[in-house]
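Student: Protein chains in written order, with full-length UniProt numbering: chain A, 1 to 192; chain B, 1 to 1005; chain C, 1 to 109; chain D, 1 to 414. Every residue, glycine too, gets a C-beta built ideally from N, C-alpha and C.
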Amino acid sequence: MSEPVSAVKNAVFSGIVRVEDCGPQGMITLRSDASNAKLKQAVKVVIGADLPPVRGISANGDRAVAWMSPDEWLILLPYAEARAAEAELRKALAGTHHLAETVSDARAFFRVTGDAARVREVLAKLVPVDLHPARFGTGEMRRTRMAQVAAAIWLESEGEARVICFRSVGAYVFDLLSAAAANGSEVAFFDA
Amino acid sequence: MSTRLAQGGRFLNRARKVNFTFNGQHLTGHEGDTLASALLAQGQMMVGRSFKYHRPRGMVASGAEEPNALVNLGSGNRLEPNQRATTTELFDGLTATSQNHWPSLEFDVGAVNTYFSRFLPAGFYYKMFMYPRAFWKHVYEPFIRQSAGLGRAPEPHVRDEDTYEHFYAFVDVLVIGGGVAGLQAALTAGRAGAQVLLIEQTAHWGGRAPVDGGTVDGKPAAEFVDAALAELRGMKNVVLRDRCMGAGVYDHGYVLAYERISDHAPGPAGPRHRLWRLRCKQVVTATGAIERPLSFAGNDIPGVMLASAVRDYAVNYGVSIGDRTVVVTNNDDAYRTAITLKGLGLEVPAIIDARAGGGGALADEARALGIRVETGKAIAKVKGAKRVEGVAICAQAGEGAVLEEIKCDAVAMSGGWSPVVHLWSHCGGKLTWDDAQAMFRPNADLAPTGAAGEAFVIPAGTANGYMGLAEVLADAAAAGVAAAKAVGAKPKKAEAPQASTPDEAPIEPVWLMPQGADIKLRMKAWLDFQNDVKVSDVQLAAREGFESVEHAKRYTTLGMATDQGKLSNINGLAILSDALGQPIPQTGTTTFRPPYTPISMGAIAGEARGKVFQPIRRTPLQDWHEGQGAYFEPVGHWRRPYCYPRGEESHAQAVAREINQTRGSLGMLDASTLGKLIVKGPDAGKFLDMLYTNMMSTLKPGRCRYGLMCSENGFLMDDGVVARIHDDTFLCHTTTGGADRIHAHMEEWLQTEWWDWQVYVANVTEQYGQIAVVGPDARKVLEKLGGMDVSKDTLPFMAWADGELGGIACRVYRISFSGELSYEIAVDAGHARALWDKLLESGAEFNVMPYGTEALHVMRAEKGFIMIGDETDGTVIPQDLGLDWAISKKKEDYIGKRAQERSHMTDPRRWKLVGLETVDGSKLPDGAYAVADGKNANGQRNVQGRVTSTYHSPTLGRGIAMGLVLNGPDRMGEVIEFPGTDGKTYKARIVDPVFFDKDGEKQNV
Amino acid sequence: MLILECPYCGLHADETELAPGGEAHLKRFGPGSSDDDFEGYLFMRENPKGVHFERWRHANGCGKWFHAARDTNTLEVFGTYSAQTTEPPQDIKDKISARRPGWTWREFA
Amino acid sequence: MKRYSVFAVAREAARYHTGWERAWKSPEPKKKYDVIIIGAGGHGLATAYYLGKNFGIRNVAILEKGWLGGGNTGRNTTIIRSNYLQDPSAAIYEKSRSLYEDLSQDLNYNIMFSPRGVMMLAQTEHEVRGYLRTAHANALQGVETRFIKPDEVKKLVPIINIDGPRYPVLGALWQPRGGTARHDAVAWGYARACSDMGMDVIQKCEVTGVRQEGGRVVGVDTNRGAIDCDKLGIVVAGHSGVLAEMAGFRLPIESVALQALVSEPIKPCMDVVVMANTVHGYMSQSDKGEMVIGGGADGYNNYTQRGSFHHIEETVRALIETFPMISRLKMLRQWGGIVDMTGDRSPILSKTPLENCFINCGWGTGGFKAIPGSGWGFAELMAKGSSPLCDEFSMFRFREGKFIDESVAAGVAH
Ligand SMILES: Cc1cc2nc3c(=O)[nH]c(=O)nc-3n(C[C@H](O)[C@H](O)[C@H](O)COP(=O)(O)OP(=O)(O)OC[C@H]3O[C@@H](n4cnc5c(N)ncnc54)[C@H](O)[C@@H]3O)c2cc1C
Ligand SMILES: NC(=O)c1ccc[n+]([C@@H]2O[C@H](COP(=O)([O-])OP(=O)(O)OC[C@H]3O[C@@H](n4cnc5c(N)ncnc54)[C@H](O)[C@@H]3O)[C@@H](O)[C@H]2O)c1
Ligand SMILES: Cc1cc2nc3c(=O)[nH]c(=O)nc-3n(C[C@H](O)[C@H](O)[C@H](O)COP(=O)(O)O)c2cc1C
Ligand SMILES: [Zn+2]
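1. Applying a beta-carbon distance threshold of less than 9 angstroms, which residues of chain D neighbour residue 943 of chain B?
2. Just the Cα atoms here: how many angstroms apart are residue 187 of chain A and residue 64 of chain A?
3. Please report the distance separating the alpha-carbon of residue 144 of chain B from that of residue 287 of chain D.
4. If you measure beta-carbon to beta-carbon, which residues of the region 249 to 264 of chain D are closer than 8 angstroms to chain C?
5. Comparing C-alpha positions only, which one of B:49, B:889 and B:831 sits nearest to residue 694 of chain B?
6. For a contact meaning CB atoms closer than 8 angstroms, what does residue 183 of chain A contact in chain B?
7. Between residue 183 of chain D and chain C, is any beta-carbon pair separated by less than 9 angstroms?
8. Mind checking if residue 63 of chain C is an interface residue toward chain A, Cβ cutoff 9 angstroms exclusive?
9. Bridge partners for residue 733 of chain B per DSSP, in chain order?
10. So, helix, strand or coil for residue 207 of chain D, using DSSP?
11. For residue 230 of chain B, is the classification buried or exposed, using 16 other Cβ atoms within 10 angstroms of its Cβ as the cut-off for buried?
12. Using a Cβ-Cβ cut-off of 7 angstroms (strictly less than) and excluding sequence neighbours within five positions of residue 2 of chain D, which residues of its own chain qualify?
13. Give every residue of the same chain whose Cβ lies closer than 7 angstroms to the Cβ of residue 228 of chain D, excluding the five residues on either side of it in the sequence, and list them in chain order.
14. Which one of D:336, D:309, D:303 and D:293 has the shortest CA to CA distance from residue 319 of chain D?
15. Given a cut-off of 9 angstroms, decide if residue 258 of chain D and residue 364 of chain D are closer than it, judged by their beta-carbon atoms.
16. What three-state label does DSSP hand residue 655 of chain B in the structure shown?
17. Starting from residue 19 of chain C, trace the beta strand (DSSP E) both ways and give me its first and last residue.
18. Would residue 14 of chain C pass as an interface residue toward chain A - the criterion being a Cβ-Cβ separation below 9 angstroms?
19. Could you tell me which uninterrupted beta strand (DSSP E) segments, each at least 3 residues in length, are contained entirely in the region 417 to 445 of chain B, listed from first to last along the chain?
20. Of the residues that make up the region 30 to 54 of chain C, which ones have a beta carbon closer than 9 angstroms to any beta carbon in chain D?
21. Would you tell me roughly how many angstroms separate the C-alpha atoms of residue 413 of chain D and residue 275 of chain D, rounded to the nearest one?
22. In this structure, what does DSSP give as the bridge partners for residue 83 of chain B?
23. Given residue 598 of chain B, which residues of its chain have a CB within under 7 angstroms of its CB, disregarding the five upstream and five downstream residues?
24. If I'm right that residue 200 of chain D touches residue 27 of chain D with Cβ under 8 angstroms, what's the distance once you round it to whole angstroms?
25. Taking a contact to mean a Cβ-Cβ separation below 9 angstroms, would you say residue 13 of chain B touches residue 50 of chain B in this structure?
26. Does any heavy atom of ligand 1 sit closer than 8 angstroms to the C-beta of residue 205 of chain D?
27. Going by C-alpha to C-alpha distance, which of A:181, A:169, A:162 and A:174 sits closest to residue 57 of chain A?
28. Within its chain, find whatever has a CB closer than 8 angstroms to the CB of residue 944 of chain B; leave out the 5 residues flanking it on each side and keep chain order.
29. Listing by chain order, which chain B residues have their CB less than 7 angstroms from the CB of residue 327 of chain D?
30. For residue 163 of chain D, which three-state DSSP category applies?
31. Output, in sequence order along the chain, the residues in the region 136 to 162 of chain A whose CB is closer than 9 angstroms to any CB in chain B.
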């Protein structure tokens, strides 16, 4: 098998924050009724993390599960492990109505790092989301609109945000984030 | 002459000089100057010409309300027309030119209009220029247009070099206006713990109070401002922002704020403007008040200025407007100007107070300074043309009989104050007329309401109609408390600092000066300085039946200029009310609309320009296409290669080459944009039976079926190949444009109609790159890569299989849109390029070529396959296209079935799909219609069909087309006529739409 | 610029995250239905200046459809609720009655 | 009525314009009229005018709840064109456009019809084919249009950016005698002419109920009392749903906000009307110098005459991309109107389930251009019960599946 290529391979921009492509990332879309008795266990066993609460993301090392909608989760894990995990999930959920599809290649994935307030404000230039530290913190997965496309964001830690979008608009989102991070464009709204 | 005073100027840093040019002339000002104050300091009072009569215009105001002092700022890629000199902070290298004159500001040919002004009253153009008819287009309109506009239009090739951005912020309390009221409201709300954003449009905090005087807790107002700022800056829950204007208040607490980041210091990196898109739980509008001019003859002559502005220039910028300033007023506030000027050693020959009883404590103070005060008097007329030379005085109660002339070079006028209620009003806040103070003020009972029906805007200070400093602070503190409470904070009782100002005598409304001014005076008494609307114009409108204030506005253009009537509206509607003999509140105001002052288009567009104007969707092979110099066509947000021209080839030649190669041997297409939707669950088959017109539940795993989807309205909306993956899993291909639409369509039906059906849908469009390998040598090239059995028996037509090719995992569909032996290979997008490269490499011996969308279109047309968007256009049903075979007769229901039973849908006269071949082999023009005999009731030529797609077929060496024709399928062989727009008529024969390989032998090998 | 609470995410979503979907609680009429019923279902719309029930989708969010009760004249939102229901819930109807005494729903036919 | 002319203006100038008479009277409503028209927008007034002019029906009242012309007629971007695709549309819009040509003279009121040309840009291959189709259709419909090449586009509109890069201009559908007119003047001119014919234009008169007996309309209730009539025409655009409810029927209509904005005035720089539908923006320059810009419609029912700001953003960024030189111009004012959108986005000119009650609505985002033609046809429909200009626009077409859909080529409505 060839080496997988991410949407905006190795892209990096440095301005008031650093924006970079995270490279290939394993992802699985998992759909099931939240009340499915096997679901919690399946996720726990395969990913090692608990099902997150509404809008949550719960991690276990390099694996994580994010709430996407009442009957949908996104599973994050190393790229190479996605297909196998998909199969395991299917097996664990066999006999119940569910869907598990690998979507690693369908997404672009970015990391935005730097001063905590700067990271928030770069995102706040693009998403209609209240990113005030009092109301948005780590552990929350936010699906939203980023300029003209759909995206999901969360804080890995203060000073490090992650952005997921569709692969085809990866370059667009990278360019957006870079523009928002242009030197001289500090907002200083979250600094107080 | 206006000039710089030796001392004073709160805002000035006299130590730093700033160089700029005006109309090419090199001038200097100081750091802290506005362009207006710097020009005035240089004696440059006249800065432009009015819109209609090209009258000389000078500054009348000192801030955002300025109607006259508009300049072309900068040049070339940085030219900004209509920039207000009064809000333009001076910077080194600033260049400005004056507007609306030819050949020069001083000598303007257009000024002849002023002599004809008698012939050009409000609305004159509705009554003239009608005869002879042809003259409108060729004489009148060009003439009118020539004189249109104010600022210079940027050159066609101009590209703005600056960047712009947006910022989303969510706040508990937004306070708009950084005067004492805004500061106090922010303090109160901030102390209560609410999260506060305080914005101020200028570069200075404190608003009018430091200029107007008064004390707060025994100290000068300026000290209160400093202390308040210090405290606010220390609060973690408060953000302050200057040069940031509240531009508009919208529904559900949405507010736009316009931050001018680098207008005052262009150059360094970063955006020029930032548009804040705020969501606020509560908005406090502490936007202050705007002084009104008085309407007397000649009130537009340069040198006549608002009294507060005269004061501002003196105190803030150390600029005197004249050596001898006559003050004219109907209220006490203007006395402050006289007192200030006198204190600076300037002459104030008289204060003309229209009130018979005159003023209060300030009047006494003025008199004590030796200023002559005339009460019950008015200005009959201002003398001068390009500059005030004197005023003629009369009794306010009379008709203008001149009592005396006073020499002066400036007039400071005050007609009272109007609270800035714009932001309160944008989103539905109502006003009430305050008779005692002669002003409209916010009606607190009819505030704008938000998402929960709650009032979300609170006016404060002068913006709420409170004029005295003490009242202003008390009201602002109360507003801060109310706002804090509304957002759930726990404010202490409003404690406002104690303020004191001299007692003032009440204002007496003066809408016309003198009260009985005759028509000649009224024709010279300006209401709207920029648009040249005079008292007589509004009176004319009333006389002609334009009684609604909205009619009067539109008929006279009052308030429609770039200042949006900040100075003129109230005066205008008072004149209108008087003319109609009705009280002012019955007349009402026109509608306040955003933005408060104009905001740049660049800021509105934000970051969305150039590269990120719109998302461009890229397939995993996009880099390769770009590298090949493909010619792209936009399809939705994708850009798909239309063809890959080589060397000097034309597009048509490239397309022909690509087709010939593909049909002859081997071609490859990037089909990644096709939608791919996984539909899974126990009810997936049943669900797809409802979505497609054909039966999908009977499809066998491992097999593919072409399907049609209709809207509930019966029209064909999408098509594509469905593959059954497992018993409970299907993969539905959609058109390129259809992926998101059809995904949403499926979710909609599942969530809102059949929510008890067990089906999940996932959009995996972008998970896969999809490569079509097409042509007689297709199998050979796959076999060469090796890894899976792609033989006819193992992988027959309309089957699919999972496997590996050249070591890359993939899924191969044997489907064909070209009529050739064809494999569509889906591969994880991250590996698509690798597979593509391998295919190119092993296809080299077959001279493999990529082909673009146009070749795809031609090849499908040669085969008579329909294309969504060509054969369909939203009005076509599958039955029109002879696709009855794909409409299940067994199903009771599918989306669109009921609609297709309606009388017009079953009408035998619906046009049906046929092939068309020109008699001479040429290509039928795109979009041509077939004519029938006669004309319809509306005199239009009858038609009997139209071309839906048409191409030159390189395979057949002739033009081929498809079309919808009345009774078409029954008229095979008949020749019908298509008039072109080129004057020719094209004759075409009705034929079978399958032009090539009718029996499908090529694809079935 | 509306804000609606997505009942699934529990978020007050900006209008730009949402996609509007027209009148709510339409009853589908399929094959065999009368012309009147079909026309009523597919085209005829309540278009009140006042209380309106409508469909929205949290398109740039969880992707779920939901219902909103809103006043088209003041843009007040009385509440949002599940899409999987054929009628507005009683508590929302009560809330509307409190704020808009005398309002009716689908009385007019 | 005293005629308007340059001589009249000169005469009046001599006496300081004190002698002008009212443009329209301000009568009290009578007890009964032959015909009542609800709504003194362009369409209502034009209907009344042609009822009088073409059919001699002059005992007519036009009832307006606010100020005449204050609805969408007073807030639209004034584009006039007739390059529509479908026959019924082309017929009524071209009739309208041709009436506009002489309207100033006909009404003796300068409505400033400016046939400066309307250009609809083709920015995708699909749009090119769509406009070629329209051009062919127009040729057979007697509508003068032409598909032009990019270089001609650039010549006509020097400020346009034809090279993209995102959406290069591939050509345009050009209607040389499309253009604009002064929107307020259209309402005022018709009102003056109606008033002059003896009709009553009654402002601040809101219809609050439609009275019927035995399935026929007999009159209306208003805030100024009940008024009887033999025939009723409902011409209230965004409020059609509200009036239909009063009259006891439903419409395939939803009312939504459509927005527009103007820039500050600048010296003339664009001589034609340009519509760029791929990116959703259109722009013209008024005779006063503002750039007049139309935005998109909201997707939700709304009666507030405000809209959601993101549509303005979308439009402005599209226009900056198309006309880069506007980036440093400033938006002076933005506003909204409530437009009545039908199921196929084409208008309704129709009898209704209530006898003698007629409705003219559904012009949505594009009815200013149709005012004279719609008035002409609707008057005929009201007077005679049928009109070739209107018959296809029946409100019953939806149940038959007989749509008049203009969006099919690359068309849009404005
Ligand atoms: C922003 C915008 C841009 C547009 N751009 C264009 C364009 O460029 N070109 C184009 O051709 N069209 C355009 N249009 C559409 C066009 O403005 C309308 O189609 C047209 O003006 C409708 O005219 P009308 O007479 O039917 O309605 P209106 O002018 O709205 O008149 C209806 C009248 O009915 C009155 N009314 C309502 N209810 C009652 C009642 N109960 N009792 C009494 N009176 C009542 C209203 O007050 C109103 O005055 C645009 C519309 C908008 C909003
Ligand atoms: N006695 C009188 O007749 C009279 C009249 C007017 C003002 N005053 C005095 O003026 C002071 C009023 O204080 P105040 O705070 O109410 O008003 P203010 O005018 O002092 O302050 C208002 C502030 O709001 C800003 N502003 C206005 N619109 C804005 C917008 N859209 N966005 C951002 N900023 C905006 C202005 O630039 C100004 O700084 C008091 O000292 C009062 O006594 C007296
Ligand atoms: C074609 C056209 C041109 C306009 N030009 C101006 C203008 O130059 N200045 C202005 O203030 N408003 C202008 N307007 C907007 C009107 O002032 C007003 O906002 C609009 O008619 C809607 O009315 P409303 O805001 O009173 O609701 C224009 C409107 C139209 C339709
Ligand atoms: Zn949600």
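Tutor: The relevant details are as follows:
1. Here the neighbours are 87, 137 and 140.
2. In this structure, the CA atom of residue 187 of chain A is about 32 angstroms from the CA atom of residue 64 of chain A.
3. Roughly 7 angstroms separates the two Cα atoms.
4. Answer set for the region 249 to 264 of chain D: 250, 251, 252, 253, 254 and 255.
5. Distances from the alpha-carbon of residue 694 of chain B to those of B:49, B:889 and B:831 put B:889 closest.
6. For residue 183 of chain A, the neighbours in chain B by C-beta distance under 8 angstroms run, in chain order, 269 and 270.
7. At a cut-off of 9 angstroms between C-beta atoms, residue 183 of chain D does not count as an interface residue with respect to chain C.
8. For residue 63 of chain C, the nearest CB of chain A lies under 9 angstroms from its own CB, placing it at the interface with that chain.
9. Beta-bridge pairing links residue 733 of chain B to B:676.
10. Strand, per DSSP.
11. Result: exposed.
12. Result list for residue 2 of chain D: 8 and 21, in chain order.
13. Excluding its 5 nearest sequence neighbours in each direction, residue 228 of chain D has C-beta neighbours in its own chain below 7 angstroms: 31, 32, 218 and 219, listed in chain order.
14. Nearest option by C-alpha distance: D:293.
15. Against a cut-off of 9 angstroms, the Cβ pair of residue 258 of chain D and residue 364 of chain D comes out as a contact.
16. Here residue 655 of chain B sits in helix by DSSP.
17. DSSP places residue 19 of chain C inside the beta strand (DSSP E), whose first and last residues are 19 to 23.
18. Chain A contact via Cβ: present.
19. If only uninterrupted beta strand (DSSP E) runs of at least 3 residues are considered, those enclosed by the region 417 to 445 of chain B are 417 to 419, 431 to 434 and 439 to 442.
20. Taking 9 angstroms as the cut-off between beta carbons, the residues of the region 30 to 54 of chain C near chain D are 35, 36, 38, 39, 40, 42, 43, 44, 45, 46, 47, 48, 49, 50, 52 and 54, in sequence order.
21. The predicted position of residue 413 of chain D is uncertain, since its pLDDT is 43 and thus under 50; no value can be drawn from it.
22. Secondary-structure assignment with DSSP links residue 83 of chain B through a beta bridge to B:71.
23. If we look at residue 598 of chain B and ignore the five residues flanking it on each side, its Cβ neighbours are 562.
24. Approximately 5 angstroms separates the beta-carbon atoms of residue 200 of chain D and residue 27 of chain D; this is inside 8 angstroms, confirming the contact.
25. No, they are not a contact pair.
26. Checking the Cβ of residue 205 of chain D against ligand 1 gives yes.
27. A check of alpha carbon separations from residue 57 of chain A across A:181, A:169, A:162 and A:174 identifies A:162 as the nearest.
28. Closer than 8 angstroms at Cβ, skipping near neighbours: 911, 930, 931, 932, 965, 966 and 976.
29. Listed along chain B are 160, 601 and 602, each with a C-beta nearer than 7 angstroms to that of residue 327 of chain D.
30. Taken through DSSP and simplified to helix, strand or coil, residue 163 of chain D comes out as coil.
31. The residues in question are 147, 148 and 149.
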